[in-house]
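Enquirer:
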Amino acid sequence: MPAVSLAEAQNLGEKILMAHNVAQRNATFTITSLLRAEMEGLPSHGFSRIPYYAAQSAAGKVDGHAVPLVERPRSGVVAVDARCGFAFSAFADGLPVAAQAARESGVALLAVRNSHHAGVLGFPVADLAEQGLVALGFANSPASLAPYGGSKVTFGTNPLAMACPRKNSPPLVIDLSMGLLARGKILQAAKKGELIPEGAAVDAQGNPTRDPAKAFDGALLPFGGPKGYALALIVEIMSAALTGAALAIEASSLFTPDGPAPRLGQSFLIMDPSASAGANFVDRVEQLLTFITDQPGTRLPGDRRIGLSQAAKQSNSIDLPEDLLIQLRELC
Numbered sequence: 012m013p014a015v016s017l018a019e020a021q022n023l024g025e026k027i028l029m030a031h032n033v034a035q036r037n038a039t040f041t042i043t044s045l046l047r048a049e050m051e052g053l054p055s056h057g058f059s060r061i062p063y064y065a066a067q068s069a070a071g072k073v074d075g076h077a078v079p080l081v082e083r084p085r086s087g088v089v090a091v092d093a094r095c096g097f098a099f100s101a102f103a104d105g106l107p108v109a110a111q112a113a114r115e116s117g118v119a120l121l122a123v124r125n126s127h128h129a130g131v132l133g134f135p136v137a138d139l140a141e142q143g144l145v146a147l148g149f150a151n152s153p154a155s156l157a158p159y160g161g162s163k164v165t166f167g168t169n170p171l172a173m174a175c176p177r178k179n180s181p182p183l184v185i186d187l188s189m190g191l192l193a194r195g196k197i198l199q200a201a202k203k204g205e206l207i208p209e210g211a212a213v214d215a216q217g218n219p220t221r222d223p224a225k226a227f228d229g230a231l232l233p234f235g236g237p238k239g240y241a242l243a244l245i246v247e248i249m250s251a252a253l254t255g256a257a258l259a260i261e262a263s264s265l266f267t268p269d270g271p272a273p274r275l276g277q278s279f280l281i282m283d284p285s286a287s288a289g290a291n292f293v294d295r296v297e298q299l300l301t302f303i304t305d306q307p308g309t310r311l312p313g314d315r316r317i318g319l320s321q322a323a324k325q326s327n328s329i330d331l332p333e334d335l336l337i338q339l340r341e342l343c
């Protein structure tokens with residue numbers, strides 16, 4: 012795969028979005044997140060999303076010029092109306108206000124409504140942890156996941172992310188989606204002509220399938236059966252019902268330019284550990300993590316991601332599939 016410098020990749024992505032009716036500020040926040048995903052080995056949430064974002068902005072499905080409205084209805088609550096624009100701009104405007112609210116009150120809620128694709132949910136919680144805060148993030152997405160025992164799409168893959176600060180190390184970040192596979196990974200499998208793992212999806216008739224095309228017409232399945240289903244339900248309530256956003260069953264696709272704005276939701280529960288644990292929080296975290304890593308064969312969530320990001324920074328580049336790079340350059 013061709014190597015592209017980080018600066019060239021950022022510039023290319025921003026140029027494409029701005030050519031498709033996206034304001035520069037919104038393009039910068041969006042591409043910064045997608046580039047970060049590429050650097051951390053998450054291509055399903057990286058530059059492969061640019062053609063979809065561009066097409067949706069050009070069609071008006073996402074408002075590339077939206078300016079988020081940030082309000083603070085209560086001392087510990089920050090509400091952001093993304094105004095049918097990109098989620099990344101809503102995060103950029105809302106998270107600093109919510110972080111300050113958490114420092115003042117010990118805990119704060121950031122509720123984002125009328126939003127778009129959340130991207131890698133681990134990024135905003137990691138950024139909060141870099142500031143010494145503990146954060147939980149919830150995000151819904153258009154329905155693609157059936158409840159345990161059911162066959163009708165009811166939830167998105169509904170990621171949940173948590174991050175906390177560490178002592179002399181990058182934050183601990185845990186980021187998981189409720190599907191056995193993320194929808195973006197199934198899309199990549201379809202493009203590559205690959206099969207998906209058994210137990211990841213059913214077709215339109217409710218039969219198990221490994222064909223990614225049939226999975227798109229059917230439903231994805233939650234990991235862990237009833238446990239994954241229960242977690243998906245929690246995330247849907249926290250990200251949609253709690254914020255005033257559209258439910259997954261109401262949201263339009265993130266992969267087509269037609270239809271109304273998806274109006275998705277994200278929420279973040281942000282905590283200042285000094286309010287409850289004092290100065291000993293990071294020491295206690297390190298005690299726990301050391302007990303884990305001292306056991307042969309173990310590693311911490313995010314270790315691979317951190318290593319890939321460091322390698323990308325050292326090489327000052329990312330590798331992009333040649334066909335994707337050609338497609339992106341044609342979109343400028």
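Position one of the sequence shown corresponds to residue 12 (our numbering), numbered consecutively onward.
C-beta atoms are modelled at their ideal positions from N, C-alpha and C, and glycine is treated no differently.
#1: Quick one: residues in its chain with C-beta nearer than 7 Å to the C-beta of Leu187, no 5 flanking neighbours on either side, listed in chain order?
#2: Do the stretch 246 to 254 and the stretch 208 to 218 touch if we need at least three Cβ pairs shorter than 8 Å?
#3: Can you check whether the CB of Ser59 is closer than 8 Å to the CB of Leu335?
#4: Pull up the DSSP beta-bridge partners for Arg386, would you.
#5: How would you write the range of the beta strand (DSSP E) that Gly276 sits in, first residue to last?
#6: Determine the burial state of Ile207: buried for a count of at least 16 other Cβ atoms within 10 Å of its Cβ, exposed for fewer.
#7: Any idea what DSSP makes of Met12, helix, strand or coil?
#8: Tell me the rounded alpha-carbon separation between Leu139 and Asn218.
#9: Check whether the Cβ atoms of Leu280 and Leu198 lie closer than 8 Å to each other.
#10: CB Gln277 to CB Ala150, shorter than 8 Å?
#11: Quick check on DSSP: helix, strand or coil for Ile207?
#12: Contact check, Leu17 vs Asn291 under 8 Å by CB: the rounded distance?
#13: Consider the Cβ of Ala241: report whether some Cβ of chain C lies at a distance smaller than 8 Å.
#14: Please state if the CB of Phe102 and the CB of Pro135 are separated by a distance shorter than 8 Å.
#15: Let me know the secondary structure DSSP gives Asn125 once reduced to three states.
#16: Determine the burial state of Glu51: buried for a count of at least 16 other Cβ atoms within 10 Å of its Cβ, exposed for fewer.
#17: Nearest-angstrom Cα distance between Lys203 and Ala224?
#18: Report the CB separation of Pro79 from Asp104 in whole angstroms; it is logged as a contact under 8 Å.
#19: Which residue from Phe166, Cys175 and Thr301 puts its Cα closest to that of Pro233?
#20: The beta strand (DSSP E) that contains Phe349, what's its start and end?
Expert: Walking through what the data contain:
#1: By the criterion of a C-beta distance shorter than 7 Å, Leu187 is surrounded in its chain by Pro170 and Leu171, once the five residues flanking it on both sides are discounted.
#2: By the Cβ rule, the stretch 246 to 254 does not count as touching the stretch 208 to 218, because fewer than three pairs are nearer than 8 Å.
#3: For Leu335 and Ser59, yes; Cβs fall inside 8 Å.
#4: Lying outside 12 to 343, the shown extent of the chain, residue 386 is not represented and no answer is given.
#5: Start and end: Leu275 to Met282.
#6: Ile207 is buried by the Cβ-count criterion.
#7: In the structure shown, the three-state DSSP call for Met12 is coil.
#8: If I take the Cα positions, the gap works out to 42 Å.
#9: No; because the gap between Cβ atoms is not below 8 Å, this pair is not in contact.
#10: In contact: Gln277 and Ala150 (Cβ atoms closer than 8 Å).
#11: Assignment of Ile207 by DSSP, reduced to helix, strand and coil, places it in the coil class.
#12: Wrong, their Cβ atoms sit about 38 Å apart, outside the cutoff.
#13: In the structure shown, chain C does not exist; there is a single protein chain.
#14: Yes.
#15: Correct three-state label for Asn125: strand.
#16: Around the CB of Glu51, 16 or more other CB atoms lie within 10 Å, so the residue is classed as buried.
#17: If I take the Cα positions, the gap works out to 12 Å.
#18: About 5 Å; that satisfies the 8 Å criterion.
#19: By alpha-carbon distance to Pro233, the top candidate from Phe166, Cys175 and Thr301 is Phe166.
#20: Outside the shown range of the chain, which is 12 to 343, sits residue 349, and nothing can be said about it.
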